[in-house]
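Student: When you line the sequence shown up against my numbering, it's residues 5 to 476, in that order.
For every residue, glycine included, the Cβ atom is placed at its ideal position computed from N, Cα and C.
After the structure tokens below, expect a handful of questions from me.
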Amino acid sequence: MAMPEIFRTRQNVLPWESDGIRVLPPDLALYHEASSILKVWYVIQGNDRDVIDFDLAGITSSKEVMILTQALRNEPYKYQKTVIIDALTELHDAALDLSVPEKDRHNLDFACAQINASLWYARKLRGDDLDNLDYIRNSQGVEEPKEVSPEIIDYQIGQVEKARSEAGITTDTIVDFQDWRKIHEIDQEEAQKELTDAITSAFEKRSKFLGYKGAPPFGVKPVYVNAYYYVWIDTDKKTGSFTMQQNFGDIERPKVWTSGKTEELGWHEGGQHLSRMARRQQLIGRELPAFFGLTTVHGPEQIIEEGLGQTITLLVPGAYDSLSPEGKFHVQNTILRSLVYGNAHLRINTDPDFSKGDFIKYVTKHLPWEPIDEIEEQIIERTKNPLKQAYLWAYAEGAKVFLVLNNILSVRGAKALLKELDSKPFISSQLLSLANRLMKDRKNVRAQMSPWAYSEFDSMIKNIESNQLHNV
Numbered sequence: 005m006a007m008p009e010i011f012r013t014r015q016n017v018l019p020w021e022s023d024g025i026r027v028l029p030p031d032l033a034l035y036h037e038a039s040s041i042l043k044v045w046y047v048i049q050g051n052d053r054d055v056i057d058f059d060l061a062g063i064t065s066s067k068e069v070m071i072l073t074q075a076l077r078n079e080p081y082k083y084q085k086t087v088i089i090d091a092l093t094e095l096h097d098a099a100l101d102l103s104v105p106e107k108d109r110h111n112l113d114f115a116c117a118q119i120n121a122s123l124w125y126a127r128k129l130r131g132d133d134l135d136n137l138d139y140i141r142n143s144q145g146v147e148e149p150k151e152v153s154p155e156i157i158d159y160q161i162g163q164v165e166k167a168r169s170e171a172g173i174t175t176d177t178i179v180d181f182q183d184w185r186k187i188h189e190i191d192q193e194e195a196q197k198e199l200t201d202a203i204t205s206a207f208e209k210r211s212k213f214l215g216y217k218g219a220p221p222f223g224v225k226p227v228y229v230n231a232y233y234y235v236w237i238d239t240d241k242k243t244g245s246f247t248m249q250q251n252f253g254d255i256e257r258p259k260v261w262t263s264g265k266t267e268e269l270g271w272h273e274g275g276q277h278l279s280r281m282a283r284r285q286q287l288i289g290r291e292l293p294a295f296f297g298l299t300t301v302h303g304p305e306q307i308i309e310e311g312l313g314q315t316i317t318l319l320v321p322g323a324y325d326s327l328s329p330e331g332k333f334h335v336q337n338t339i340l341r342s343l344v345y346g347n348a349h350l351r352i353n354t355d356p357d358f359s360k361g362d363f364i365k366y367v368t369k370h371l372p373w374e375p376i377d378e379i380e381e382q383i384i385e386r387t388k389n390p391l392k393q394a395y396l397w398a399y400a401e402g403a404k405v406f407l408v409l410n411n412i413l414s415v416r417g418a419k420a421l422l423k424e425l426d427s428k429p430f431i432s433s434q435l436l437s438l439a440n441r442l443m444k445d446r447k448n449v450r451a452q453m454s455p456w457a458y459s460e461f462d463s464m465i466k467n468i469e470s471n472q473l474h475n476v
């Protein structure tokens, strides 16, 4: 069976519109085709679907998607992957060759990185022998994945120690820390109510800061799964509405819910993910093509999304100060966890001499209260799970970038940054270029800027200056 011709819309004509054929500009035709490929791939994945995270463009499928889905549904798994890979390869080549006006360049560069990430993810799922560093680099859209510097690690350890002291957490042993959490644990009913209230409050505060009006409906539903996350937000596959899955799994990876944890995650999920995706949803079909309403967990936008999720309380005025001492500790500790795990992630995926024992030793050196069984689960996920091998490193890179920016930008600069990031999707290099432009206006920069932060940012900028995305 040859690759179905329905994928070949390179002439920019929508083939199912037989009456009054509509011709699309080349970039919009490319986005339409990319959207179709992702939707077909998502459907044929079956019950374990993970290609699409948010679907902000609506749940309807075009005729071409339905035709190709039907054609591939009963084909062998490897053949399905090969069809998707061939289509993504052709599409990526076309994106690299496409010429657009400068005003449309940003979107095309992002699309090129997203298509490339999906191509590499599909190859990984097919079982291709890929270099781990190349896989992380291409899935995350970065030129060269780098470890978080000791200066940033030391800075964040200081933030954790300060928050830990203020929260009255005097122990740093695994057992005692777990006991401390158990003492402050709240029941499921309280946790659901507190999380719902925290999400609503965070959404309202971020919206007020940025001058937005309105709030999307969302639901919080309990789940009981053996997974690393406490909360997972996405769009409901049937209704398209936003849903928060609050994890109460208590067997292999127990989730201990406290009031401070609901505060932290209220901002992470409501103040960032829900806020940014609700804004994106409003823009789809008006200012952004539908393709940009399909987000992926494996793709390059997660550096921005998860980086902001962890640091949003530092960027919105008054947000961090409004947290309880325990809430502040969870914010700072989550950031440190991401930075530390991120460094170990790169080492175990690139250095054959970096063993499982080395991974555990490195993590516990910086996070002495981290349970060993959780570290062991993380090792498996970060080396054996294709999705998490790409995605989990994004937490570290994102936290690093936004920690640096928080120590450079003024309130005015942070506001301008967030509004711009809400207006369209970004990858890491585009974020850094945006921040660099904002810093040229001194009103966007703190009166007293942290020297280490400026040095780190300067290093990041130099790393991307000679590497335009469309030449990757």
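Can you list, in chain order, the stretches of the alpha helix (DSSP H) that have 4 or more residues and sit fully within the segment 215-298?
Tutor: Whole alpha helix (DSSP H) segments, 4+ residues: 263-269, 279-287.
Student: So is residue 137 buried or exposed if we call it buried at 16+ other beta carbons inside 10 Å?
Tutor: Counting Cβ neighbours within 10 Å, residue 137 comes out exposed, since fewer than 16 surround it.
Student: How about residue 246 and residue 298: are their beta carbons less than 8 Å apart?
Tutor: For residue 246 and residue 298, no; Cβs fall outside 8 Å.
Student: If you draw a straight line from the C-alpha of residue 400 to the C-alpha of residue 177, how long is it?
Tutor: Rounded to whole angstroms, residue 400 to residue 177 spans 24 Å at the Cα level.
Student: Roughly how many angstroms lie between the CA atoms of residue 1 and residue 51, to the nearest whole one?
Tutor: Residue 1 is absent from the structure shown; the chain starts at 5 and stops at 476.
Student: Which residue from 31, 226, 150, 320 puts its Cα closest to that of residue 486?
Tutor: In the structure as shown, the chain begins at 5 and stops at 476. Residue 486 is therefore absent and cannot be evaluated.
Student: Nearest to residue 125 by alpha carbon, out of 319, 311, 54, 448?
Tutor: Residue 125 has its Cα closest to that of 54, out of 319, 311, 54, 448.
Student: How long is the line joining the alpha carbons of residue 265 and residue 329, rounded to whole angstroms?
Tutor: When rounded, the distance between both Cα atoms is 11 Å.
Student: Put residue 147 into one of helix, strand or coil per three-state DSSP.
Tutor: Residue 147 falls in the coil class under three-state DSSP.
Student: Relative to the alpha-carbon of residue 393, which residue among 95, 140, 28, 130 has its alpha-carbon at the smallest distance?
Tutor: With distances taken between Cα atoms, residue 393 lies closest to 140.
Student: Considering residue 125, what are the terminal residues of the alpha helix (DSSP H) in which it resides?
Tutor: First-last of the alpha helix (DSSP H) with residue 125: 109-130.
Student: Would you list, in sequence order, the uninterrupted alpha helix (DSSP H) runs of no fewer than 4 residues that lie entirely inside the segment 345-373?
Tutor: Segments of the alpha helix (DSSP H) lying fully in the segment 345-373: 360-370.
Student: With DSSP as the reference, label residue 422 as helix, strand or coil.
Tutor: Residue state, collapsed to three classes: helix.
Student: Would residue 275 pass as a contact of residue 206 if the rule is Cβ separation under 8 Å?
Tutor: In this structure, residue 206 lies closer than 8 Å to residue 275 by Cβ.
Student: Could you give the DSSP three-state label for residue 327: helix, strand or coil?
Tutor: In this structure, residue 327 counts as coil in the three-state DSSP scheme.
Student: Please work out which residues of its chain come closer than 6 Å, Cβ to Cβ, to residue 304, disregarding the five sequence neighbours upstream and downstream, and give them in chain order.
Tutor: The residues are 117, 121, 144, 145, 431.
Student: Note down the Cα distance separating residue 156 from residue 378, rounded to an integer number of angstroms.
Tutor: In a straight line, the C-alpha of residue 156 is about 24 Å away from that of residue 378.
Student: Considering only the alpha carbon of each residue, which of 158, 173, 250, 184 lies closest to residue 194?
Tutor: When each option's Cα is compared against that of residue 194, the closest is 250.
Student: Assuming residue 448 contacts residue 416 under a Cβ cut-off of 8 Å, what Cβ separation, rounded to an integer in Å, is found between them?
Tutor: Rounded, the Cβ-Cβ distance is 6 Å, consistent with contact.
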